[in-house]
Structures are given as C-alpha cells and as structure tokens.
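What follows is a set of notes on a single structure, which appears directly below.
There are 2 protein chains.
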Amino acid sequence: MIRIAIIGLGLIGTSLGISLRSADSKKDPMGNIEVIGFDRSTDHAKEARVRLAIDKIAANLAEALKGTHLIVLAVPARTIPSVMQEIAPLLEPGAVVTDVTSTKTDVMQWAAQYLPNNTFIGGHPMAGREQSGPKAAAHDLFKDAIYCLCMSANTPPEAVALCEAVVERIGAKSYFIDPVEHDAYVAGISHLPFVMASSIVNATTGASSWREMAALAATGYRDTTRLASGDVTMHCDISLTNAAAITRWIDASIDQLQHLKTALAAGDEAAVTDFFARAQNARNEWLKQKPGMRPGEAEYEDLGVGMVEKPSFFGRRPGKR
Amino acid sequence: MIRIAIIGLGLIGTSLGISLRSADSKKDPMGNIEVIGFDRSTDHAKEARVRLAIDKIAANLAEALKGTHLIVLAVPARTIPSVMQEIAPLLEPGAVVTDVTSTKTDVMQWAAQYLPNNTFIGGHPMAGREQSGPKAAAHDLFKDAIYCLCMSANTPPEAVALCEAVVERIGAKSYFIDPVEHDAYVAGISHLPFVMASSIVNATTGASSWREMAALAATGYRDTTRLASGDVTMHCDISLTNAAAITRWIDASIDQLQHLKTALAAGDEAAVTDFFARAQNARNEWLKQKPGMRPGEAEYEDLGVGMVEKPSFFGRRPGKR
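Residue numbers (this note's numbering), protein chains in the order written: chain A, 1 to 321; chain B, 322 to 642.
Listed below in structure tokens is the structure:
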C-alpha cells in the first residue's frame with residue numbers, strides 16, 4: 001500500500017486528497033493508498049477530514065512522514081524552503097517529495113539546497129479556482145488538466161513513475177517541462193491574467209465615480225476580473241518568485257495598450273480593427289484546441305486511435321529512464 | 322396596439338424581439354404589440370423570424386416605419402448617423418426612436434443633428450455576450466439588467482413612458498443618466514475589460530513560445546480573455562466613438578501595472594501584497610451588491626418593502642415630466 005502525505009490542506013491539497021481517495025483502487029494501477037494530512041490550521045485539517053480528503057490527520061510533520069512514500073507539499077510557494085528544511089531529517093529512505101506551486105525554478109533550487117539527498121520532483125497542476133481553502137475543494141478539479149512535472153537528469157525512474165501514477169489517478173495528464181520554460185510560460189497564461197484582472201479592479205474601484213459605475217458593471221466586468229478575487233498570499237508569492245518573467249509579460253501588455261492608444265488618438269480605424277481582430281482570431285483558434293491536450297498530443301489523436309502508438313510521455317524529460 | 326420596429330437583427334436586436342414577444346401581453350401594461358424587423362442581411366432577418374423575435378420581416382425601412390410607434394436602432398454605433406438620415410423622412414408623427422449602442426454622447430449629438438425635434442431617447446442595456454448575431458440571442462438576456470436611458474430636457478413624457486414600458490416588459494430596469502457620465506462610466510466597467518482582454522491575448526499569442534504555452538492555458542486565461550472573442554466591429558466602433566474616456570482608463574490601468582512592476586523590482590512584499598489585497602477586497606465588496614440594483618435602490622430595499630414608497634425613477638432625469 002502506498003502511503004501519501006499531503007502537507008497543507010488548502011484548496012489544492014484538499015482537492016488532491018479527495019481526487020486520490022475517490023478513485024477506484026481496484027481499477028487504478030496504484031491500488032490501495034493511505035492519505036495522511038497535515039496543516040498548521042486545525043480547522044483546515046478537520047475540514048479536509050470531514051470532506052474525506054484524508055484518511056487521518058497527522059499531529060505533526062514527524063507523524064505525517066513516518067512510513068510515507070510520497071510527500072506532497074501543498075503550501076504557499078514562499079513557505080516551501082522552511083518546510084523543506086523541517087522535513088529533510090524526517091524523510092524515510094527512498095521517499096519522494098513533490099509540490100504543487102505555480103513557479104518551478106525557485107522550488108527546484110530550494111530542493112537542491114535543502115533536500116540534497118532526497119528525490120524531489122516539481123509539480124504544477126494547471127487547475128485552480130478563485131476561492132481558496134479546503135471548503136472550495138472539488139473532486140474533479142484536476143480532471144483532464146495538464147499536470148506539469150519538473151525533474152533533473154538523475155531523478156530515479158521509480159520516483160517519476162510514482163508521480164505519474166498520482167497524476168493519472170486524479171484524472172490529470174503528465175507533462176514534462178524544464179522549470180525555466182515552465183515559469184516563462186505560466187507567467188503569460190496564468191500569472192499575467194491575475195495581474196491584469198487586479199489592475200482593472202484597482203483602476204476602476206479607485207475612481208471617485210466608482211459608486212455609480214459599480215451598479216452598471218455586469219457580466220463582462222465580473223468575468224474579466226474573476227481572478228482578482230484569488231488568494232492574496234498566493235498572488236504575492238507567485239509574483240515575487242516569478243517576478244522577472246511576469247514583468248516581461250506586463251511590458252508586452254503595456255506595449256499592446258500603448259499601440260491601441262496611438263491608434264485611437266489618430267482615429268486609425270484600420271489599426272483599431274486589426275488590434276481587436278487579431279485578438280478575436282487568436283483566442284478563437286486557441287478555443288478550438290481540445291482541452292487538456294499536451295503539445296503534440298492533438299496531432300497524435302488526429303491520426304486516429306490505434307493507428308500509431310501513443311508516445312510514452314509528453315514534453316521534455318531530461319536524462320533517460 | 323403598439324407597433325415596434327427593430328432595425329438590425331443581431332444579438333441585441335433579436336434578443337430584444339424575443340423578450341418583447343415572449344412577455345405576457347395580458348399582464349404587461351403595454352398589452353398587445355407587433356414587432357417588425359429589418360436587417361440588410363436576409364439571413365439575419367430570417368433567423369430572427371425563425372426564432373420568433375419578430376412578427377414579420379420588413380422588405381425595407383419604409384415598410385418597417387409605416388404606422389410604427391417606436392423604432393429601435395440595433396445597428397453598430399458608427400452606422401447610426403446614416404441610418405438616422407435614412408429614417409428621418411420616413412418617421413410617423415409622434416414616433417419615438419431609440420438605440421441600444423454602448424456609447425451615448427455621439428449618439429445623442431447625431432440624433433440632435435439628423436432627427437426631428439425631441440423624438441430620440443438614447444438607450445443602453447447593460448447586458449451582452451461575446452457571441453454575436455441572431456443565433457446567439459437569448460430570451461433572458463435583459464433579465465434584471467440595468468437599462469440606461471438618456472434624454473434631453475424637452476423629451477416628451479409620453480416618449481419616456483414608452484421607453485420605460487419597453488424596458489419593464491423585457492425584465493430590465495430603467496436608469497436615467499447623463500450621456501457624458503454614461504460614457505465615462507461604461508468606458509471603465511465595460512470597455513476597459515474588453516481592451517485589457519484583447520491586450521492579454523495579443524501579448525501572449527504573439528510570443529514565439531505561444532504553441533507550448535497554449536496547451537497550458539486553462540480556465541483563468543479563458544475567463545479573463547473571454548471578451549476578446551467579442552464582435553470586432555462593435556469593439557472598433559465603441560473604441561473610436563468613446564476614445565477619450567477609454568484612453569483615460571487605459572492610462573489608469575498602465576499606472577497600476579507600473580506600480581506593481583516597481584514593487585516587484587524592489588522585492589517590496591508589503592506593496593505587492595497591498596496591490597492584490599486592494600483588488601480582492603474591492604471586487605468582493607462589489608460582488609456583495611445585489612445584481613441589477615441602481616444607485617440608491619439597494620438602500621431603499623434595505624428599509625423594507627412597503628415601509629417607504631419606491632422612487633418613481635432612478636438616476637438623473639433632466640427637465641420635468
């Protein structure tokens with residue numbers, strides 16, 4: 001039986017527990033599992049237990065790690081270093097550690113520093129909600145989601161296999177990616193959106209006319225700013241750990257806004273039309289992609305199932321297995 | 322029987338027709354109505370008829386306006402001047418003209434220029450979808466939506482009453498507003514969001530790494546950029562007719578982005594936290610407001626129904642009735 005510890009029982013940690021435990025152990029290759037949970041907040045731990053995300057609550061990290069094969073760090077990004085230092089002496093031989101945070105470069109460096117003799121595989125499920133905490137957890141949060149995995153050239157194959165099995169069990173799809181590339185990409189498609197959403201809210205709600213404006217704001221405003229309601233600590237942690245990449249995307253967006261301003265000032269209808277037409281076309285092309293398809297996977301599927309053998313993995317895996 | 326002509330059978334025109342015709346004529350104060358539709362596109366007109374948005378299709382503007390009490394211009398903003406010039410000689414005495422476009426200052430000026438005295442009331446239902454065309458029309462698009470109305474000091478009371486009755490019949494809520502204020506407000510809560518959404522899409526999809534990024538983009542990206550899929554002509558028309566107000570909100574948003582960039586460059590955790598905390602608080606406060614409440618209306622409702630008499634109108638109405 002595989003024993004998994006989830007450290008941190010917020011939205012992601014609790015959803016992960018629910019997904020792992022609600023999978024059919026008879027059909028899943030992992031078979032029977034035991035999920036033990038730990039959170040510094042007793043309320044979070046109790047809520048996770050009530051929601052059946054965990055088999056039991058650990059009183060402390062030592063209890064959580066005793067006899068545990070896989071440790072999932074589901075804590076805010078900037079608390080990862082201190083948690084790694086705390087767990088390092090408690091890890092069983094051969095135990096694998098992973099995380100679920102949105103940035104990977106810093107996390108991989110921290111792991112090399114604080115868990116030098118242990119196996120760390122960086123993880124990032126491309127799924128979330130603007131609500132946070134265990135109450136917002138959902139059993140299908142990871143369904144068909146791409147789950148990024150970052151490893152090094154000498155990561156043991158059995159550790160990779162364990163993480164892949166977890167990803168499969170929760171209905172997500174493993175995608176191997178270099179941590180620097182990961183951070184640059186998610187800065188654009190995941191971090192820039194919450195930065196822009198928060199900027200819209202701060203710009204509009206800070207205006208003296210906001211009270212009158214507020215009544216007129218409807219579904220367009222609601223959806224475009226949805227991410228601004230996300231967890232403040234998470235947004236702050238992500239922004240500070242991925243500042244350079246996010247700043248590049250902010251600059252690219254400001255360039256777009258300046259370009260539109262220039263076109264509006266000139267009354268340049270062709271340029272204004274081009275601005276909105278490019279965005280409409282590009283977004284609609286993106287929407288046509290099948291959800292949860294890793295780069296290269298859609299092309300494989302288009303060839304027809306059974307016509308060619310599906311690759312054993314997607315993305316870039318350093319070293320050999 | 323009131324005869325209403327809808328000129329332009331896209332998303333809004335068709336939804337308006339469906340809402341008007343599906344209301345219970347026995348219960349609605351307007352009683353029986355006849356809706357006649359006109360669109361330069363025969364396909365649009367036929368689709369609107371198939372969807373029961375109109376009683377019949379007019380072959381031309383003259384036929385649409387003959388014996389008609391209310392003409393709704395549901396055409397793109399920048400085609401309004403030419404349509405006004407075409408319909409001016411065809412209007413029956415006492416006929417009222419209104420529109421549904423997102424900007425009101427230009428439209429009110431065009432009406433003053435091209436239409437006979439006092440027959441025009443500007444309208445703007447605060448509702449929409451990113452899809453366009455009659456196929457995207459919905460019977461409940463205007464349910465509980467605030468419907469802005471702009472009039473001049475000499476607008477006849479019976480013309481105002483007719484527009485108010487239409488708004489009530491489709492389940493929306495009349496809100497009287499000055500056209501310049503209207504344009505400044507909607508530039509922030511309605512136009513800025515589609516500008517920002519399009520900027521995100523152009524910045525990200527224009528990157529050389531977009532192919533890899535695209536696969537990782539998930540619900541956050543989808544929702545934040547939803548408005549970028551909106552109608553290009555509408556976005557272009559709105560931007561050009563409301564350029565000054567939109568530019569002010571773009572500048573305010575760039576200020577927010579620059580502020581965050583500075584905080585990130587300095588590693589200023591307090592400033593970064595404050596940025597996201599302000600946005601989260603402000604958006605959550607906004608979400609707490611009851612939907613479709615006009616400024617002042619929620620306070621009235623909080624006093625308890627029946628305790629005080631509900632005002633006969635909300636917003637600012639110039640002149641007297």
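Every residue, glycine too, gets a C-beta built ideally from N, C-alpha and C.
Note that the structure is predicted; figures quoted are calculated from it, not measured.
Asked	Found
Residues of the region 504 to 521 of chain B whose Cβ lies closer than 8 Å to any Cβ of chain A, in chain order	A505, Y506, V507, G509, I510, S511, L513, P514, F515, V516, M517, A518, S519, S520 and I521
Buried versus exposed call for G415/B [16 or more other C-beta atoms within 10 Å across all chains shown]	exposed
Rounded C-alpha distance that separates A23/A from I71/A	19 Å
Stretch pair the region 493 to 510 of chain B + the region 417 to 430 of chain B: three plus CB contacts closer than 8 Å	yes
Under the three-state DSSP convention, the category K320/A falls into	Note that K320/A scores a pLDDT of 48, beneath 50, so its modelled location is shaky; the value from the coordinates is reported in the next line. Coil at K320/A, not helix or strand.
According to DSSP, residues forming a beta bridge with E502/B	Looking at the DSSP assignment, E502/B forms no beta bridge with any residue, so it has no partner.
Partner residues on chain B for V272/A, Cβ-Cβ distance less than 7 Å	C557, S560 and L561
Interface flag, R638/B vs chain A, CB-CB below 8 Å	no
Cβ neighbour criterion (16 or more within 10 Å) applied to K320/A	Interpretation of K320/A is limited by its pLDDT of 48, a score under 50 that renders its predicted location unreliable; the figure taken from the coordinates is listed afterwards. Counting Cβ neighbours within 10 Å, K320/A comes out exposed, since fewer than 16 surround it.
Residue-level contact to chain A via CB, E489/B, 8 Å cutoff	no
Residue from L608/B, G588/B, N563/B and C471/B with nearest C-alpha to P639/B	C471/B
Cβ pair V160/A, R604/B closer than 8 Å	no
Beta-ladder partner(s) of C148/A, from DSSP	H124/A and Y175/A
Unbroken stretches of the alpha helix (DSSP H), 4 residues or longer, contained in the region 564 to 638 of chain B	564 to 586, 590 to 609 and 618 to 623
For V404/B and A433/B, the rounded distance between their alpha carbons	14 Å
Below-8 Å beta-carbon distance, L216/A vs any chain B residue	yes
Beta-carbon proximity list for K56/A, same chain, < 7 Å, skipping 5 on both sides	I36
For D223/A, the three-state DSSP class (helix, strand or coil)	helix
Contact belief for A5/A with A64/A at Cβ below 8 Å, rounded distance in angstroms	4 Å
Euclidean distance between Cα positions of Q610/B and A218/A	11 Å
Interface flag, W607/B vs chain A, CB-CB below 8 Å	yes
Sequence ranges, alpha helix (DSSP H) only - wholly within the region 398 to 450 of chain B, length at least 4	401 to 408 and 426 to 435
CB contact check: W110/A to chain B, cutoff 8 Å	no
8 Å Cβ cutoff, F634/B in contact with chain A	no
Which of helix, strand or coil DSSP assigns to A5/A	strand
Sequence-distant residues of the same chain with beta carbon closer than 7 Å to K135/A, five excluded per side	E47
Closer than 8 Å at the beta carbon, the chain B residues around E269/A	C557 and L561
Straight-line gap, L436/B to A379/B (C-alpha atoms, nearest Å)	21 Å
C-beta neighbour in chain A for R547/B, strict 8 Å	yes
Per DSSP, cross-strand counterpart(s) of W38/A	The residue asked about is misnamed: residue 38/A is Phe in this sequence, not Trp. Its beta-bridge partners are I7/A.
Whole-Å CB distance - M322/B paired with R490/B, under 8 Å assumed	Actually they are not in contact, since the Cβ atoms of M322/B and R490/B sit about 14 Å apart, beyond 8 Å.
Those residues which DSSP pairs with K377/B across a bridge	I357/B
Proximity winner among R278/A, T204/A, I7/A and A266/A, relative to T554/B (alpha-carbon distances)	R278/A
Y147/A to E164/A span [Cα, whole Å]	9 Å
Bounding residues of the alpha helix (DSSP H) (the contiguous stretch that carries I559/B)	V553 to T562
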